[in-house]
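Presented below is the structure to which this report refers.
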Amino acid sequence: MATWLSFFAEYNFQVEYKPGRLNVVADALSRRPDYALHKADANAIGVARTSTPSSSLLDDVRSAYTNDAVAKQLLDYFAAPSDKSRQRLAKHLRARVHRYRVHNGLLLYSTVDDNADRIVVPDDNELKLRITYAYNDAPTSGHQGREKTYLLLTRDFYWSHQYKWVRKYVRACEVCQRVKPAPFSQAPLQSLPTPSECWQSISMDFVFGLPPDNKRRTGIVVFVDQFNKMVHLAAVPAEVTAKQTARLFVDMVFRHHGMPIDIV
Numbered sequence: 001m002a003t004w005l006s007f008f009a010e011y012n013f014q015v016e017y018k019p020g021r022l023n024v025v026a027d028a029l030s031r032r033p034d035y036a037l038h039k040a041d042a043n044a045i046g047v048a049r050t051s052t053p054s055s056s057l058l059d060d061v062r063s064a065y066t067n068d069a070v071a072k073q074l075l076d077y078f079a080a081p082s083d084k085s086r087q088r089l090a091k092h093l094r095a096r097v098h099r100y101r102v103h104n105g106l107l108l109y110s111t112v113d114d115n116a117d118r119i120v121v122p123d124d125n126e127l128k129l130r131i132t133y134a135y136n137d138a139p140t141s142g143h144q145g146r147e148k149t150y151l152l153l154t155r156d157f158y159w160s161h162q163y164k165w166v167r168k169y170v171r172a173c174e175v176c177q178r179v180k181p182a183p184f185s186q187a188p189l190q191s192l193p194t195p196s197e198c199w200q201s202i203s204m205d206f207v208f209g210l211p212p213d214n215k216r217r218t219g220i221v222v223f224v225d226q227f228n229k230m231v232h233l234a235a236v237p238a239e240v241t242a243k244q245t246a247r248l249f250v251d252m253v254f255r256h257h258g259m260p261i262d263i264v
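Numbering-wise (full-length UniProt numbering), the sequence shown opens with residue 1 and increments by one.
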């Protein structure tokens, strides 16, 4: 409610009540069938939000099997499974061959915990780097750190010493190291007094280290009203000055809402 009051305060109008039986024009517009909210299919939304490996990546996995001795053994076995071909497998593969299967030319592996199929990735470092990049560096992944990247990766792929690989990759990722939380305990937060009106008290903060825009600005300045949480923000360079910040404050806050009592 406070947000809408702040929004409507910028307009000069008078609210007049009309009974529904007299306000037929607005009532007719609100009942137009093409304005009705459509119920979405929950399953369709789930599929749309789930990132899946691209077909080109899967083709590269299939091609890399030819240069991997373990994958070749398993593919040869599943091409003509028998006791004799099973004996030709390496000992460590024979013990868990029941956890492998082949589907559309891809070797799949299921773990003991959940029996979910994962695509077996051959021992190809370049291919592993591409896959890990897609699950850590891509915009839909967001550099979530070692544990979450590992969980995302193991939903679709499997290879030996996978956790060790992800740990090493994240340690070498500059963005992951820059945005990870500090290992020190934080001071307790103190609540600010709640103002009685909009734009009496505002908070201001900077966020840096963002991808550059077309003017090579890598930060933003954020002004937030402490009463209704309305936000104004603008892109700023990494070396933003106090004078530039003051000019942004005048243009974005003072011009529209006047001078606040305090700025946090």
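Ideal placement from N, C-alpha and C gives every residue a C-beta, glycine not left out.
Less than 8 Å separates the beta-carbon of V166 from that of T132. Judged by beta-carbon spacing, A71 lies within the 8 Å limit of P122, meaning their Cβ atoms are closer than that value.
Taking a 10 Å sphere around the C-beta of K128, we find 16 or more other C-beta atoms and assign the residue as buried. In the DSSP assignment, L233 falls within the unbroken beta strand (DSSP E) covering 231-236. In this chain, the beta strand (DSSP E) harbouring V102 covers 100-103. A straight line joining the alpha-carbon of D124 with that of S55 spans about 18 Å. The three-state secondary structure of L210, taken from DSSP, is coil. Assigned with DSSP and collapsed to three states, G258 falls in coil, not helix or strand. Close CB contacts of A64 within its chain, under the 6 Å cut and outside five residues either way in sequence, are with P122, D124, L127 (chain order). Annotated as distal: V170 and N214, with beta-carbon spacing of 8 Å or more. Cβ contact annotation for F208 (same chain, cutoff 8 Å, sequence separation greater than five): T218, G219, A238, in chain order. The Cβ atoms of R101 and L108 lie closer than 8 Å to each other.
Residue burial annotation: P211 is exposed, with fewer than 16 other C-beta atoms found within 10 angstroms of its C-beta. With respect to R96, F157 sits apart: the two C-beta atoms are not nearer than 8 Å. Sequence-distant Cβ neighbours of D225 in its own chain, meaning closer than 7 Å and more than five residues away, are C198, W199, I202.
The beta carbon of D60 lies closer than 8 Å to those of L127, R130 in the same chain, with the five residues before and after it left out.
For a cut-off of 8 Å, the C-beta gap from M204 to V231 is around 11 Å, too long to register as a contact. Taking C-beta atoms as the reference points, M252 and A234 count as a pair closer than 8 Å. For F7, no pairing in a beta bridge is given by DSSP. Here I202 is bridged, per DSSP, to D225, I263. When the beta-carbon positions are compared, L153 and Q162 come within less than 8 Å of each other.
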